[in-house]
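Just so you know, we're using UniProt numbering here: the sequence shown kicks off at 1 and counts up by one.
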Amino acid sequence: MAKKELTAEDYKYVDAWYSDQNGRQIPWTRILRSDLIKFQQEEALNYNCFATVQAFANPEKVKGEAYTAPLYFDLDHAENPAVSQADAVKLIKFFTEDLDIREKDIWVYFSGSKGFHILINSQALGIHPRADLHKIFKHIAGYLIHRLELTSMDLVVYSDRRLLRLPNSVHQKTKLYKIELSLDEVRTLSLEEIKEKASTPRREPVFTKDSRLEGLKLRGKSGHFYHDKMQEYLQAAATNRKYDNEEFNFKKGSPPVCVQDILEGGWKKDGDRNQATVQLACYYKDAGHNREDTLKQLEEWVLKHTSAGSDYQKKQRLANTRSVVDAVFSKDNTYKFGCAFIRSLHGPKKPGEKDYERVACAGDMCPCVKKISDEDQAEPEVLHLSKTGDANLSGKLVKTNVMIAGKKHTPYIVPSKIEYHCWGRDSCKKYHCPLYDIPTNTGFKDLGVHDRELIQMTGVGDDNITGILKQLSGIPNCGKYNIERIENTNVDELLVIPMAEEDEEAEAGESNKYVLRRVYAVGGLPVNENKYYELTGYVYPHPKNQESTLLLKSAKPLQDVVESFRLTEDVKEQLAVFQPADYTGEAIEEKLAAICNDLTYNVTHIVERDETLMAMLLTYHSVLRFNVPWDSRPIRGWVETKVVGDTGTGKSAMIEKIMKFCGLGSRVNAESTSRTGLTYKMEQSGASGAWYIVWGAWPLADKELLWIDEDTGIEKDEYGEMTLARSDGKLEVKRAVTAETPCRVRAILSGNVPKGKRLADYAQGVESLKDIFNNEDIRRFDAAIFMRAADVDPALYNQKLPTFPSMISAETMKNNILYAWSRKPDDVIFTDDTIDLLLETSTELSRVYGNANDIPLVSPSDQRNKLARLATSLAALTHSVDESGERIVVHPGHVQFIGAYLKEIYNAPGCGLNYYAKLAIKEEEMTTEKFKKIERDLRRLDVIKKDGKYYEFIKLFAQQRYLRLGDVEAMLSIEKEDAKAIVNQLARMRMVTMTSGGYRKTPRFNSFVAKCFELGLFDMVDDEY
């Protein structure tokens, strides 16, 4: 089911907090925004109460959740609140005059103490919910500090949950109210007059809610401003962290090309002068210049490039420059030179241009950036795959354990080492070009896992790659240089899913989300689908869609749960608990009764369902393959079991508890998946890119166990696409991509009786399988369990269960299963007596059940294989091993028990396969005596008494699969009443059955027609046409 797309109305929750008049702080609580007034007045008593400026869609806090919020500013000046008021006026003027925000789009509040809060409508700015809006807002606030020369802007308030005092609530210190002000009041009233108004609450808003909504829409200039600043932040988030741990090697007289560009060309767009001044001042300080020298250089620079015309404006520029230099050289300076900040000083887009006028950058060829080698990097953070999408991890090294769910079959080839050669040096005056000072006029750039441009170059043409390489070079717009690829590397596109969690993690409540992530492996890392790996790589936003991705530097193969199993002496001693006194049928049955009681009373707590529990244990303990005398190659060993039952019989609960107990296997709910979710689906890389395969739950469970719950959620014909894979253990795809993958899967398929029925609604419960699967898919099951609600006395559900000594721990059960899973084909031994009994029992089962051809749970052609599989599973369950402990030995007692077990479950009232097969024998059996009796009864009908019409009648039904009453009437040229008489007689004789498509012949009728041909009754009938 598709996830609902959230709208603005869905973000209706806020976090609220208050402290009472005794100073007692009340914990944060999440409430509906519509309940804020009630919270403020009835709970907080209108005293020192706060709510987040952000609004959330979740009723409870979720880490990393998206939220919406207006753009907000907190202006606070401890010494002189009038400064805060002056800054508020500057902000208002900027948004309403420089941009196009309207008065109704702005809320202004006096905080009740020393500052002002300004909020600007999110819709007017085009703000959409994100988890990092506070970081974008902080970037905007930092920009406006320099743009508007604000001194009271508080940047501390930009956090993901920021509380602002509620309007008309009392400030605990001043006892003044936080009140809303009109823009005119902020501009014209003195601070004392505002405080006078704040002595009482202000009940009437400046604008009503309806008035604010009237004409509300995205404001063009303001929307562009917000979008540009958001893009600057995103670029900084993607690139600034890349340099967080890097140092700069600045030297006096040798500035980097970006500094040269700004010194020579000035700031590139109005409003960036202060930010450019800050960056230049940081450079001069880091390069060893003192304050006086820095001030002299920057004053000359400002006067050279300023557009100010009057002396007064020039003095303002110089005053601002001095304040910036003072701040940078102060002891508490927090400013630093940064590549991302320099990049954000690009010029505006010009009409007809696709890109900004960018600041010159030498990129990795810059001699001023000290590169950090992989050895110098901090240890990668070990995370679950679902946690690697955190925006704070961008550019950082992480490690995560995954399974490769899909791999694009054709790798990309992208440049990894590039040569840049200038051939126009003699007449060049672009002193800030990174090639200018290189004596050979040639520079080289290496690309690796630190460069997300490797991802950007996948799936694009040569022209795009050339543009990317130009941008990477830092060379200014120039046509006098060549770019040449020196070396290439492979980039593989992978789809990964989290590796299954360890038991300890799940029990500790540390469960993480299932995610499917697209990642990129550099350098042809040796990875294969359906295998586990420890991936190490850098987190980046994808350059094409900003999705979180990883650029991998290594992929270490991990042992799966089977390969990691070790049969130590301690484990051998542990598994002896499963062994019976001997391996006779009686001793095995006695041990299995003890095992079932242990698990029933200590694990599942579902009584009277030993046959179902046994089926689960046999499935769990099946081996992959083993050798038998009647086949030259190892045959399938993994067991597939079907459990069907009435609702409320405990089938799902039992399987779930056993699965949790042993800590092995995975679950898929068929009602929420599809055939593609079980087998595979085709993914295309980009709109016109290559196709690759994402394997589904069935092949991903290779060598392990898969439980498909509510299996009627998938249509029977869709199961048919898995038929060969179930028998061969290999899933083949021959479509846009040809591929195959192993899928040797132990499987338990469970579900209710289809179409809302009960087993009692069928003559025999086993017939329910025909509504779920096609015949060939039924044949692949090794056993089927049918659970009727009436099988268990209702009084037993509510009784207090007796205690039973626990002899099997979860670890012991898991190790016994892993012992079976880790066996090779040569590790299974059948004694001679076992083979004889196996063939004898298979023959007997085939004789009793084998005639149910349309429900082939017992198929004479391969029943010996099914019986061998189940007997081997039972031998593994009872830990029947040779002296070395390495090989499973299947004794006659195992076959004896399985034979009796199959009879018990197939003869059970909920199944009735024995009766169904017996009826099938009688229906299809056509002796000469029975043939004559049927022929005699049919010819009693006057309409077909004569040979000609009789043969015509037989021929008609022999040739047609379905016939309606009108068809019989028309094709035999008889009256309607005569046609009714024929159909009624056939129905009484169980030779036709009514279906939605008409009357269909039963096996008895088919046998009768076959006997007609056998006796040559139609040999003398000529066909005129």
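A virtual CB, placed ideally from N, CA and C, is assigned to each residue, including glycine.
Just so we're clear, the structure is a prediction, and the values are computed from it rather than from any experiment.
Quick check: the Cα distance between residue i and residue j, rounded to an integer number of angstroms?
i            : j      : result
His409       : Gly677 : 20 Å
Ser846       : Tyr906 : 12 Å
residue 1063 : Lys591 : With the chain represented from 1 up to 1025, any question about residue 1063 goes unanswered, as that position is not in the structure.
Lys429       : His346 : 21 Å
Phe94        : Pro201 : 29 Å
Ile700       : Gly665 : The displayed chain sequence assigns Leu, not Ile, to residue 700. The alpha-carbon atoms of Leu700 and Gly665 are separated by roughly 11 Å.
Gly645       : Lys770 : 14 Å
Gly756       : Thr878 : 38 Å
Ile179       : Leu234 : 35 Å
Ser386       : Met499 : 11 Å
Glu748       : Ile778 : The sequence as given places Ile at residue 748; Glu does not occur at that position. C-alpha separation (whole angstroms): 13 Å.
Glu5         : Ile26  : 34 Å
Arg517       : Val496 : 5 Å
Thr843       : Val858 : 10 Å
Asp570       : Asp761 : 52 Å
Ile606       : Gly648 : 11 Å
Asn121       : Val491 : 44 Å
From the DSSP secondary-structure annotation, give me the bridge partner or partners of residue i.
i      : result
His117 : Asp74 and Tyr109
Gln25  : Ser19
Gly998 : Thr995
Asp492 : Ala521
Asn482 : His421
Tyr47  : Val170
Phe786 : Val644
Pro476 : Paired residue(s): none; Pro476 is not in a bridge.
Ala981 : In DSSP, Ala981 forms no bridge with anything.
Glu487 : Lys417
Val14  : Ile31
Leu164 : Ala51
Does DSSP classify residue i as helix, strand or coil?
i      : result
Phe250 : coil
Arg343 : helix
Leu706 : strand
Val628 : coil
Thr536 : strand
Glu381 : strand
Glu196 : helix
Val157 : coil
Asp174 : The amino acid occupying residue 174 in the given sequence is Thr; Asp does not appear at that position. Of the three classes helix, strand and coil, the one that applies to Thr174 here is coil, per DSSP.
Pro526 : coil
Glu504 : Low per-residue confidence applies at Glu504: pLDDT is 42, beneath 50, and the placement is therefore not dependable enough to give any value.
Thr388 : coil
Val828 : strand
Ser554 : strand
Thr68  : strand
Val359 : coil
Tyr583 : coil
Please name the residue, chosen from the options, that lies closest to residue i on a Cα-to-Cα basis.
i      : options                           : result
Pro543 : His305, Phe1005, Ala82 and Glu453 : Glu453
Tyr226 : Leu216, Gly126, Ile179 and Phe250 : Gly126
Lys657 : Leu613, Leu32 and Val889          : Leu613
Ser344 : His139, Leu618 and Gln959         : His139
Tyr11  : Thr68, Ile194 and Pro856          : Thr68
Ala405 : Pro367, Gln21, Leu494 and Cys478  : Leu494
His384 : Gly729, Tyr514, Trp267 and Leu575 : Tyr514
Trp698 : Thr679, Val943, Val460 and Lys315 : Thr679
Ile251 : Lys285, Val278 and Met616         : Correcting the residue type first, residue 251 is Lys in the shown sequence and not Ile. Nearest of Lys285, Val278 and Met616 to Lys251, Cα basis: Lys285.
His134 : Phe830, Pro754 and Val157         : Val157
Lys734 : Ala760, Ile714, Lys315 and Ile693 : Ile693
Leu163 : Ile483, Ala66, Trp28 and Val522   : Trp28
Asp728 : Arg636, Lys955, Ala783 and Ile817 : Arg636
Worksheet entry | Inside the segment 398-466 only - alpha helix (DSSP H) runs reaching at least 4 residues | With a minimum length of 4 residues, the continuous alpha helix (DSSP H) runs that stay inside the segment 398-466 are 453-456.
Item to complete: List in chain order: all unbroken alpha helix (DSSP H) runs of 4+ residues lying wholly within the segment 634-668.
Response: Those alpha helix (DSSP H) runs which fall completely within the segment 634-668 and span 4+ residues are 651-662.
Worksheet item: Hey, which unbroken runs of the alpha helix (DSSP H) at 4 residues or more fall wholly within the segment 722-775?
Response: Correct list: 723-728.
Practice prompt. Tell me the start and end of each unbroken beta strand (DSSP E) in the segment 846-918 that is at least 3 residues and wholly inside, in chain order.
Written response: You should have 888-890.
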